[in-house]
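Encoded as C-alpha cells, the structure appears first; notes follow it.
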Amino acid sequence: MSRVFVLGSINSDITVSTSRFPKIGETVTGDGFSTADGGKGANQAVACARTGGNVLMCGCVGKDSFGKALKKSLADEGINTGYIYETDTSTGVAVITLYNGDNTIIVSRGANACVSVEQAKAFLENAEKGDILLSQLETDFDTVKFALAEAKDKGMITVLNPAPADERAGGFCSLCDYMIPNETELETITGTDIIEEGLRILKEKGVAVPVVTLGGDGCSYIIDNQVIHKPCAKVKAVDTTGAGDTFCGSFCSELSRGKGFEKCIETALKCASISVTRKGAQPSIPYLSEIE
Numbered sequence: 021m022s023r024v025f026v027l028g029s030i031n032s033d034i035t036v037s038t039s040r041f042p043k044i045g046e047t048v049t050g051d052g053f054s055t056a057d058g059g060k061g062a063n064q065a066v067a068c069a070r071t072g073g074n075v076l077m078c079g080c081v082g083k084d085s086f087g088k089a090l091k092k093s094l095a096d097e098g099i100n101t102g103y104i105y106e107t108d109t110s111t112g113v114a115v116i117t118l119y120n121g122d123n124t125i126i127v128s129r130g131a132n133a134c135v136s137v138e139q140a141k142a143f144l145e146n147a148e149k150g151d152i153l154l155s156q157l158e159t160d161f162d163t164v165k166f167a168l169a170e171a172k173d174k175g176m177i178t179v180l181n182p183a184p185a186d187e188r189a190g191g192f193c194s195l196c197d198y199m200i201p202n203e204t205e206l207e208t209i210t211g212t213d214i215i216e217e218g219l220r221i222l223k224e225k226g227v228a229v230p231v232v233t234l235g236g237d238g239c240s241y242i243i244d245n246q247v248i249h250k251p252c253a254k255v256k257a258v259d260t261t262g263a264g265d266t267f268c269g270s271f272c273s274e275l276s277r278g279k280g281f282e283k284c285i286e287t288a289l290k291c292a293s294i295s296v297t298r299k300g301a302q303p304s305i306p307y308l309s310e311i312e
C-alpha cells in the first residue's frame with residue numbers, strides 16, 4: 021500500500037444554524053451552535069485515514085489551544101503529524117452558517133498562510149514513487165505549486181482539489197494526475213459553466229484525469245476521452261460541509277490501496293453521500309466499516 025501525503029489547511033470550524041441566510045447588514049437569529057475540527061487539508065486527511073489510508077500531513081497551526089487540540093485530534097486518527105508546525109500566528113478558523121442543508125463559509129487562514137516551500141520540501145523528502153500527494157488551495161499558493169512539481173519529479177501520484185476557487189489553478193494542470201474541483205471551481209478555472217466543456221479544457225491543459233463533483237448529482241469525469249457521469253445515492257442532506265473533502269480523501273485512500281479508478285469513484289461517492297446526512301465536517305466522515 022502506498023502512502024498519502026496531505027499538504028493542506030487545518031482549521032477550527034465554528035458553525036451556526038439559522039432559519040435563513042442573512043442579507044447584507046441584517047442580523048438573524050441562530051438556533052444551534054457547535055465547534056469542530058476542520059480545514060480542507062485536515063478533513064481530507066481524516067477521510068483518507070478513516071477509510072484505510074496510511075496518511076502523513078503537513079500544515080501549520082498556532083501556538084494556542086485550538087492548534088494543540090487540532091494536532092492531537094489528527095494524531096488520534098492515526099495520522100502522522102510530525103510535519104505539522106506550530107507558528108506564532110493564530111490557528112485558522114472557519115465560520116460556517118447552515119440553512120436547510122446548505123452552507124456559507126468564511127475562512128480566516130491564520131497559520132495556514134505560513135506553510136512554506138521549505139516545510140513542503142522536508143515533508144516530501146522521503147516520499148517514493150507511487151506514493152500520493154493530495155493538496156488544496158487554502159495554504160500558500162507557491163508552496164502548493166512547489167509540492168506538486170516536487171511530487172511529479174519523484175514519480176508520485178498528484179491529486180489537487182482546487183478549492184477555494186482560484187483561476188490560477190489552471191496553471192497547475194500539467195502537474196496533476198487528478199484534479200477534483202466542484203462546479204464553481206471548474207467554472208472559475210475554465211471560464212465555462214458547461215460541465216463537459218470544462219472537463220475537456222482541464223484535459224487539454226494537461227490534467228490526466230479531471231473529475232468534477234456535482235453535489236447531490238454525483239460526479240463526472242473523463243476517461244479514454246469519454247465524459248462519464250456517475251450518480252450518487254439520493255439522501256436527505258442536513259449539512260453539506262466537508263462533503264467534497266470526504267470525496268477527495270476517500271478517493272485517495274482507495275487509490276493508495278491499489279483499487280481501480282471506478283472503485284475509487286464509487287467509494288468516494290458513497291462516503292460523501294453518508295457525510296451529508298450528519299452535521300459537521302470531520303464528525304460526519306464515515307469509517308471503512310460503514311462502507312464495506
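Numbering (our numbering), first residue to last: 21 to 312.
C-beta: ideal position from N, C-alpha, C; glycine also.
Asked: Between the Cα of G15 and the Cα atoms of E312, A301, G211 and V135, which residue gives the shortest distance?; Found: The structure shown has nothing for residue 15, since the chain only spans 21 to 312.
Asked: So the candidates are T287, T212 and S54; which of them puts its Cα closest to the Cα of T38?; Found: S54
Asked: Anyone know if the C-beta pair for D162 and I177 falls short of 8 Å?; Found: no
Asked: So is Q139 buried or exposed if we call it buried at 16+ other beta carbons inside 10 Å?; Found: buried
Asked: Near F86, what residues of its chain come up, given a Cβ to Cβ distance below 7 Å and the 5 sequence neighbours on each side ignored?; Found: S32 and T111
Asked: To which residues of the same chain is L234 closer than 7 Å at the C-beta, ignoring the five residues directly before and after it?; Found: E203 and S240
Asked: Could you round the C-beta distance between L195 and L168 to whole angstroms and report it? I think they count as a contact, below 8 Å.; Found: 4 Å
Asked: Between which two residues does the beta strand (DSSP E) holding G52 run?; Found: G50 to G58
Asked: Identify which residue in A67, T107, G72 and K60 has its Cα closest to the Cα of K83.; Found: T107
Asked: Does the beta-carbon of V255 have 16 or more other beta-carbons within 10 angstroms, so that it is buried, or is it exposed?; Found: exposed
Asked: Bridge partners for Y198 per DSSP, in chain order?; Found: V179 and V229
Asked: Go ahead and label D259 buried or exposed: buried means 16 or more other beta carbons lie within 10 angstroms of its beta carbon, across all protein chains shown.; Found: buried
Asked: Whose C-beta lies closer than 7 Å to the C-beta of P182 among residues of the same chain, with five residues either side of it excluded?; Found: L157, A189, M199, P201, E205 and I209
Asked: Can you tell me the Cβ-Cβ gap for R40 and L76, rounded? I've got them flagged as a contact below 8 Å.; Found: With a Cβ gap of about 42 Å, R40 and L76 do not count as contacting.
Asked: Given this structure, state the Cα-to-Cα distance separating G58 from I214, to the nearest angstrom.; Found: 31 Å
Asked: What is the residue span of the beta strand (DSSP E) that A114 lies within?; Found: G112 to Y119
Asked: What residues are listed by DSSP as bridge partners for V26?; Found: M77 and L154
Asked: Does DSSP put K290 in a helix, in a strand, or in coil?; Found: helix
Asked: Whose C-alpha, out of I221, G73, A253 and A147, is nearest the C-alpha of F271?; Found: G73
Asked: Please report the distance separating the alpha-carbon of K279 from that of K43.; Found: 46 Å
Asked: Return yes when the Cβ of S29 is within less than 8 Å of the Cβ of A62, no when it is not.; Found: yes
Asked: Residue range of the alpha helix (DSSP H) that D33 falls in?; Found: D33 -> not in any alpha helix (DSSP H); beta strand (DSSP E) instead, spanning N31 to T38.
Asked: Within the same chain, show all residues whose beta-carbon is closer than 6 Å to that of G52, passing over the 5 residues directly before and after it, in chain order.; Found: S37
Asked: Would you mind giving the Cβ-Cβ distance between I242 and K223, rounded to the nearest angstrom? I have them listed as a contact below 8 Å.; Found: 5 Å
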